[in-house]
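Novice: For reference, the structure I am asking about is given below.
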Amino acid sequence: MLEWTVTDERGLKWVNARGRIDGMTSSRIQGEFMDLIENGNRSIVADLTDVTYISSAGLRVFLVVQKQLKKAGGEIILCGLSPGVMQIFETACLLSFFRVGSSKEEIMAGGNFEEGSTGAVSAEIDGISFQYAQRQAAPGKLVAIGSQEKLPSAAYTEGDVVAVRAEDFRFGAGLASLGDRYEEYGELFGESLIVDRSLFFLPSVRRPAVDFMLFSEEHPGMEYRFLHGFGFGESFRYVAFFEGGDGGFVTLDRLVPALFKLSEANVLGIVFLAESKGVWGMHLKRSPIAENSPENGKDIFDPANFPEWMHFPMEPGDINNVVLGVGVALRDREADGPQARAFLPSGGSYHIHAGIFSREPLSRNIDTFELELRRVATELEVFRVEHLMGKTSFGNGIVGLIEIEG
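By my numbering, the letter at position 84 of the sequence shown is numbered 397, and the numbering carries on one by one without gaps.
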């Protein structure tokens with residue numbers, strides 16, 4: 314039998330356990346910890362004063378959760394271990410993985426519960442709470458890759474393929490593929506993103522699985538194949554943590570306009586990591602090459618062809634998954650001219666592609682944003698790459714802004 318309560322004390326979550334932590338109760342404990350993490354908590358105190366026994370099954374839960382939180386700049390702190398429970402942790406050689414306090418007073422006096430962001434400024438914009446830092450950074454360049462002109466008619470040929478070297482762009486998005494022979498990669502073109510010069514794309518086949526190529530400093534000349542898209546870099550002018558000011562969710566349609574109240578730029582390169590509260594995304598089912606062009610002569614977005622060509626959601630998905638997004642946004646679609654609008658979907662003011670990754674707590678520290686981008690891209694499992702729609706919702710996240718010269 315296990316009793317489990319959660320309390321708030323001076324801004325810190327305290328988990329108070331009473332009874333046995335064993336194979337029969339460990340799954341419940343892991344679920345309770347994950348609920349706390351998904352609600353944004355990164356430092357959690359486990360008060361085990363009234364725990365009479367813990368088995369290896371229970372120890373494993375604490376170790377798994379601790380490893381996840383450590384990656385996100387948080388931790389589980391152990392409090393009030395009895396001599397018997399302390400000995401079990403020591404015998405398993407796990408005590409060194411945790412901070413341990415004998416009492417609440419000792420733990421609260423220790424402080425330093427989460428990594429803080431240095432020099433962060435707080436602001437609330439359009440109901441979104443931001444903690445942001447402004448950096449010294451020169452304006453970036455936004456470069457077109459290929460053209461969207463042949464997309465509606467699915468009329469691309471081998472001559473339209475653009476070889477993009479991995480070293481050319483730090484970030485980007487578009488329709489891309491990987492390979493050396495058009496006969497092999499031509500049927501695979503799908504939604505893609507470039508993050509830190511690594512490419513992720515979703516092949517446009519019946520049962521797709523994300524393919525990717527991680528950038529290597531030792532081999533900077535490797536090439537990605539694009540039909541169209543855009544690339545930009547280099548350094549972030551702003552990095553900001555965001556969450557709903559009222560504890561609610563933040564949609565993409567709310568987030569993007571708010572970013573232009575942080576920055577005065579007219580065009581922004583946007584890169585973000587966020588915890589999903591419902592993804593609305595779409596992707597191609599078929600490669601838009603001439604061999605696949607619709608036989609009825611209508612474009613692929615026509616109602617007669619759309620279901621065959623596009624995966625379009627009927628409801629949001631991927632709750633609590635990590636979303637890594639890359640895109641470009643305009644302050645005023647009409648004022649910024651046709652050259653800038655060429656990067657955007659019809660009628661939109663932004664164009665963002667995102668990778669949907671496995672569930673994992675994210676760091677809330679803006680100082681380590683680049684490290685967190687690298688960790689997600691290289692360590693987490695990726696399920697899809699999609700074109701994000703405005704109804705996509707986030708619990709919280711960190712966004713980096715590159716001001717585009719214009």
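Note that the Cβ used here is the ideal one computed from N, Cα and C, for glycine as well.
Please read these numbers as outputs of a predicted model, since none were measured by experiment.
1) Starting from T365, trace the beta strand (DSSP E) both ways and give me its first and last residue.
2) Write down the C-beta distance between L597 and E504 rounded to the nearest angstrom, noting that I regard them as a contact closer than 8 Å.
3) Between which two residues does the beta strand (DSSP E) containing Y537 stretch?
4) Is M347 helix, strand or coil by DSSP?
5) Quick one: measure Cβ to Cβ for I711 and F682, integer angstroms, because I've assumed they're closer than 8 Å.
6) Do A385 and S676 have their CB atoms nearer than 8 Å?
7) Report the three-state DSSP secondary structure of W306 (helix, strand or coil).
8) Indicate, with yes or no, if the ligand GTP has a heavy atom lying under 7 Å from the CB of L391.
9) Per DSSP, what are the beta-bridge partners of C392 in this structure?
10) For the beta strand (DSSP E) that contains D566, what are its first and last residues?
11) Measuring CB to CB, does I583 end up less than 8 Å from V641?
12) Could you give the C-beta distance for I458 and V639, rounded to a whole number, given that I count them as a contact under 8 Å?
13) Does the Cβ-Cβ distance between M595 and H700 come in under 8 Å?
14) Output needed for A553: all residues of its chain with C-beta closer than 6 Å, excluding positions within five of it in sequence on either side, in chain order.
15) Report the rounded CA-to-CA distance for V434 versus I613, giving the unit in angstroms.
16) Just to confirm, are L693 and E673 a CB contact at a threshold of 8 Å?
17) Helix, strand or coil for I613 per DSSP?
18) Helix, strand or coil, according to DSSP, for Q379 in the structure here?
19) Look at the alpha carbon of K463 and the alpha carbon of S369, and state the distance between them as a whole number of angstroms.
20) Which residue marks the beginning of the alpha helix (DSSP H) containing F682, and which one marks its end?
21) So S517 packs on S460, CB below 8 Å; how close in whole Å?
Specialist: Reading from the atomic positions:
1) 356-367
2) 7 Å
3) 536-546
4) helix
5) 5 Å
6) yes
7) The requested residue 306 does not occur in the structure, where the chain is confined to residues 314 to 719.
8) As for the ligand GTP, it is missing from this structure, which has no ligand bound.
9) D360, G414
10) Here D566 belongs to no beta strand (DSSP E); instead the alpha helix (DSSP H) covers 565-572.
11) yes
12) Actually they do not touch by this definition, with Cβ atoms about 13 Å apart.
13) yes
14) F443, Y445, V712
15) 46 Å
16) yes
17) coil
18) helix
19) 60 Å
20) 682-692
21) Actually they do not touch by this definition, with Cβ atoms about 18 Å apart.
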